[in-house]
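For the sequence shown, counting from 1, position 13 maps to 489 in the numbering used here; every step adds exactly one.
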Amino acid sequence: MAKRRSRKKPNIILMGIDSLRRDHMSCYGYDRLTTPHIDRFAQGATLFEQTFSAYIPTTSAYASMLTGMDVFSTQVVALRHKGQLR
């Protein structure tokens, strides 16, 4: 008999913090305790070590991250951008 797949969905928390550098986070090896709450959370979570922003500034990176689309497809460039891209 084939095993039934669990219909339970995983709990996912997406944390997006602007202007937080990995090289200044204690959970990534920084020698000062700078992020104690994130460190505690990371102990029981998946900690990604090779991640990069899709785009800068942050506004367009968030649009890409949340939609799965390229920045030019979302047409989100910056908060102060006015007018059409195309």
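Just so it is clear, CB atoms sit at the ideal spot from N, CA and C, and this is done for glycine as well. Quick caveat: nothing in here was measured; it's all calculated off a predicted structure.
| Asked | Found |
| --- | --- |
| Three-state secondary structure assigned by DSSP to VAL547 | helix |
| Cβ pair ALA530, VAL552 closer than 9 Å | no |
| Closest by C-alpha distance to ASP419, when choosing among THR511, THR534, ALA539, GLN560 | Residue 419 is absent from the model: the chain starts at 477 and stops at 562. |
| Cβ pair ILE514, MET491 closer than 9 Å | yes |
| Cβ pair SER536, THR527 closer than 9 Å | no |
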